[in-house]
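These notes are about the structure you will find just below.
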Amino acid sequence: MKYKIHTIMISAFMAAGCSNISTQQGSQQTSDFEYSNERFADLQMLRYRVDGFEDLTLKQKTFIYYLQEAALYGRDILFDQNGKYNLRIRKMLEDVYVGYQGDREDKDFKAFETYAKRVFFSNGIHHHYAEDKFFPECSKEYFASLMTAVGAESDALLTVIFDPAVYPARKLMGGKDIVAESAVNFYEGVTRAEVEAFYAAMVDPSDNTPISYGLNSRVVKGADGIVREEVYKVGGLYGPALEKICAELEKAAAVAENETQKSYIADLVAYYRSGDLKLWDEYNIKWVKDTLGTVDFVNGFVEDYNDPLGRKATWEGLVNFKDTEASRRTELISENAQWFEDNSPVDDRFKKSEVKGVSAKVINVATLAGDCYPAAPIGINLPNADWIRREHGSKSVTIANLTSAYNMAAQESPKN
Numbered sequence: 487m488k489y490k491i492h493t494i495m496i497s498a499f500m501a502a503g504c505s506n507i508s509t510q511q512g513s514q515q516t517s518d519f520e521y522s523n524e525r526f527a528d529l530q531m532l533r534y535r536v537d538g539f540e541d542l543t544l545k546q547k548t549f550i551y552y553l554q555e556a557a558l559y560g561r562d563i564l565f566d567q568n569g570k571y572n573l574r575i576r577k578m579l580e581d582v583y584v585g586y587q588g589d590r591e592d593k594d595f596k597a598f599e600t601y602a603k604r605v606f607f608s609n610g611i612h613h614h615y616a617e618d619k620f621f622p623e624c625s626k627e628y629f630a631s632l633m634t635a636v637g638a639e640s641d642a643l644l645t646v647i648f649d650p651a652v653y654p655a656r657k658l659m660g661g662k663d664i665v666a667e668s669a670v671n672f673y674e675g676v677t678r679a680e681v682e683a684f685y686a687a688m689v690d691p692s693d694n695t696p697i698s699y700g701l702n703s704r705v706v707k708g709a710d711g712i713v714r715e716e717v718y719k720v721g722g723l724y725g726p727a728l729e730k731i732c733a734e735l736e737k738a739a740a741v742a743e744n745e746t747q748k749s750y751i752a753d754l755v756a757y758y759r760s761g762d763l764k765l766w767d768e769y770n771i772k773w774v775k776d777t778l779g780t781v782d783f784v785n786g787f788v789e790d791y792n793d794p795l796g797r798k799a800t801w802e803g804l805v806n807f808k809d810t811e812a813s814r815r816t817e818l819i820s821e822n823a824q825w826f827e828d829n830s831p832v833d834d835r836f837k838k839s840e841v842k843g844v845s846a847k848v849i850n851v852a853t854l855a856g857d858c859y860p861a862a863p864i865g866i867n868l869p870n871a872d873w874i875r876r877e878h879g880s881k882s883v884t885i886a887n888l889t890s891a892y893n894m895a896a897q898e899s900p901k902n
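The numbering of the sequence shown is my numbering, which starts it at 487 and goes up by one.
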């Protein structure tokens with residue numbers, strides 16, 4: 487799971503290697519680095535620093551680079567998962583934003599720009615947090631004229647953008663059918679009852695180490711009336727993007743810091759190529775046990791927040807490296823986890839006789855992508871599978887440079 491702040495959002499504008507910037511953390515910084523960036527609609531963009539990057543070895547920097555490339559290739563996946571028209575709408579917005587030759591200072595064009603930025607930020611046409619559809623503050627006729635001007639006219643897109651009755655919410659938790667009525671692109675032509683029956687037939691209630699059924703697939707009902715999965719894998723749904731991700735991960739494995747990293751990256755690649763969720767579990771078990779590497783990452787279909795049934799996961803990527811000094815303080819607390827458990831003010835019935843290892847550390851993020859961008863997490867606790875957490879532990883990380891950016895931005899003078 488991810489821990490997010492939604493009042494102020496982080497942009498992925500990095501200041502790695504800026505030699506004129508103080509590297510102090512957790513105190514008032516005297517540099518002229520500005521954390522607050524552009525503001526539009528209800529969003530405040532922030533910039534963050536990547537202190538400590540210069541101290542890494544060339545091999546570690548190269549490792550980060552390939553992991554970053556693997557992360558960035560997932561952008562289109564998330565847009566498509568959030569809504570079936572999102573990629574077409576984004577492409578149209580990009581064409582207008584870049585190619586329009588008319589009056590770009592006109593108030594209606596400024597309204598178009600704000601709408602485009604909101605779509606780019608939210609990875610789709612629904613609010614990143616509230617999940618309701620937002621609308622351009624210019625007329626439908628003006629919007630259509632912009633599309634025509636760049637050869638992008640489409641009545642279907644205009645309807646999706648402007649009609650409040652069409653895809654009103656990314657995820658509906660009320661109504662007659664939360665599957666059929668939600669805009670997310672995890673399901674096509676199926677009802678909630680059909681999806682629940684589909685997975686009920688798969689799940690073995692006696693299995694103590696179950697795979698995360700449906701985590702990496704879309705459920706559709708064909709013309710033949712049969713309900714089936716379209717699996718996210720190379721050669722399947724999102725295959726071209728996943729092929730590129732695999733290629734970059736394989737390059738990353740060649741410059742990994744240790745054999746454990748190479749092993750679980752190989753498992754991750756095998757999972758992307760096959761879609762086999764048992765390999766996803768094997769990857770997570772090895773990943774959670776890797777506490778020696780300085781560089782770490784998250785890459786995959788991880789969180790199920792956007793699915794009304796809490797089963798389908800959106801794609802996300804995050805690349806980071808350890809903040810050694812801050813982690814040392816956190817590790818001291820983690821090492822005494824059993825003492826805290828034994829002395830916690832709760833009934834003994836609810837205490838664990840043996841606390842499984844929680845690998846707690848402080849990191850600086852280098853790259854955010856997919857569902858981690860641009861509304862960024864300030865902390866992560868993974869993996870999500872209960873049985874893996876129970877039997878193998880979890881990794882709990884605090885993201886120091888993003889937390890610092892929030893804190894420092896709050897101290898800056900407001901900008902008009």
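Every residue gets a Cβ at the ideal spot worked out from N, C-alpha and C, and that includes glycine.
Apart from sequence neighbours up to five positions away, the residues of its chain that approach Ala655 with a beta-carbon distance below 6 Å are Glu617 and Asp618, ordered along the chain. DSSP links Leu854 through a beta bridge to Leu804. Around the beta carbon of Glu802, 16 or more other beta carbons lie within 10 angstroms, which makes this residue buried.
No Cβ-Cβ contact shorter than 8 Å links Val689 with Thr677. The beta carbon of Leu728 lies closer than 6 Å to those of Val720 and Tyr758 in the same chain, with the five residues before and after it left out. Between Asn806 and Phe826, the C-beta gap is not smaller than 8 Å, which leaves the two residues out of contact. Comparing alpha-carbon positions, the option among Tyr699, Ser880 and Glu715 lying closest to Glu674 turns out to be Glu715. Three or more beta-carbon pairs separated by less than 8 Å link the segment 541-558 to the segment 780-794, which places the two stretches in contact.
In the DSSP assignment, Pro863 falls outside any alpha helix (DSSP H) and lies within the beta strand (DSSP E) extending over Pro863 to Leu868. Excluding the 5 residues flanking it on each side, His613 has same chain C-beta neighbours closer than 6 Å at Phe620, in chain order.
A residue is called buried once 16 or more other Cβ atoms fall within 10 Å of its Cβ, and Ala886 is buried on that count.
When DSSP assignments are scanned along the segment 699-758, the uninterrupted stretches of alpha helix (DSSP H) that are 4 or more residues long and fall wholly within it turn out to be 725-740. For Thr600, the enclosing alpha helix (DSSP H) covers residues Lys593 to Ser608.
Across the set Gln587, Asn609, Glu768 and Tyr653, the C-alpha of Gln587 shows the shortest separation from the C-alpha of Thr634. In this structure, Asp809 and Asn744 do not form a Cβ contact; the two beta carbons are roughly 19 Å apart against a cut-off of 8 Å. Two segments are said to touch when three or more pairs of C-beta atoms, one from each, lie closer than 8 Å; by this definition the segment 749-769 touches the segment 701-717.
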